[in-house]
C-alpha cells in the first residue's frame, strides 16, 4: 500500500473517536504523514417550546461549544505532536458527515480515519450512522475503527 501524505481524523471526542485517533497516530508515525484533526459543531437545537432561541443565548451556546471543541482539539494536537506527528486542527459547523467529506476534499486527504460506535438495529436506525454516510460520500478511502 502506498504512503498516506495527509490523514483526516474527524472526532466527536467519544471513546470510538479515541480508538480512531490512536490508529491515526500510528499510521501517521509509520508514513510520516500530516494529521488533520476535525470536529464538527452542530447548530444548537431548541430545548423546548416553539423553537425560538434568543440571539444572545444562541451566541453563548455557540461560543461555549466552540471553546470546548478548541480545548479538546488542542489537547489531541499536543498528544499527536508529542508522538512526533505534524498536526493541524479544523472546526466546521453543520451536518457532521457533510462537513467531514468537505474537509477531506478541501484538505486533500489521502485517507479518513473515523471512529464508529458500532450501533446496530433500532439504535442505528434512529440515530443514523455518520460513519456509513462518510464511507458512501468520501473522496478517499475511509478506515473505520470501532470503539471498545
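In the working numbering, the protein residues as written are 6 to 153.
Glycine included, every Cβ here is placed at the ideal spot set by N, Cα and C.
It should be emphasised that the depicted structure is a prediction, and the values quoted were computed from it without experimental measurement.
Inter-residue CB distance, residue i and residue j (contact presumed, cutoff 8 angstroms)
i: residue 13; j: residue 41; result: 5 angstroms
Of the listed residues the options, nearest to residue i (C-alpha basis)
i: residue 47; options: 33, 24, 17; result: 17
i: residue 136; options: 65, 69, 11, 22; result: 22
i: residue 71; options: 112, 99, 85; result: 99
i: residue 96; options: 106, 43, 89, 105; result: 43
i: residue 142; options: 67, 73, 105; result: 105
i: residue 88; options: 32, 146, 15; result: 32
i: residue 26; options: 81, 73, 111; result: 81
Through-space distance from residue j to residue i, alpha-carbon basis
i: residue 38; j: residue 63; result: 38 angstroms
i: residue 117; j: residue 65; result: 32 angstroms
i: residue 101; j: residue 122; result: 15 angstroms
i: residue 144; j: residue 8; result: 17 angstroms
i: residue 36; j: residue 78; result: 22 angstroms
i: residue 20; j: residue 149; result: 13 angstroms
i: residue 166; j: residue 28; result: This structure gives no information on residue 166, because the portion of the chain shown stretches from 6 to 153.
i: residue 113; j: residue 138; result: 19 angstroms
i: residue 130; j: residue 11; result: Low local confidence applies: a pLDDT of 47 at residue 130 is under 50, so the model's placement there is unreliable, with the coordinate-based value given in what follows. Looking at the two C-alpha atoms, the distance is approximately 32 angstroms.
i: residue 92; j: residue 59; result: 37 angstroms
i: residue 140; j: residue 109; result: 12 angstroms
i: residue 34; j: residue 69; result: 33 angstroms
i: residue 24; j: residue 151; result: 7 angstroms
i: residue 119; j: residue 146; result: 11 angstroms
i: residue 76; j: residue 30; result: 19 angstroms
i: residue 94; j: residue 115; result: 16 angstroms
i: residue 103; j: residue 73; result: 22 angstroms
i: residue 107; j: residue 15; result: 12 angstroms
Assigned secondary structure, residue i (DSSP; H/G/I helix, E/B strand, else coil)
i: residue 38; result: coil
| task | Go through the segment 6 to 31 residue by residue and report every complete run of the beta strand (DSSP E) that reaches 3 residues or more, in order. | result | 11 to 15
| query | Considering only residues of the segment 61 to 103, which uninterrupted beta strand (DSSP E) runs meet the minimum length of 3 residues and lie entirely inside it, listed in chain order? | reply | 91 to 98
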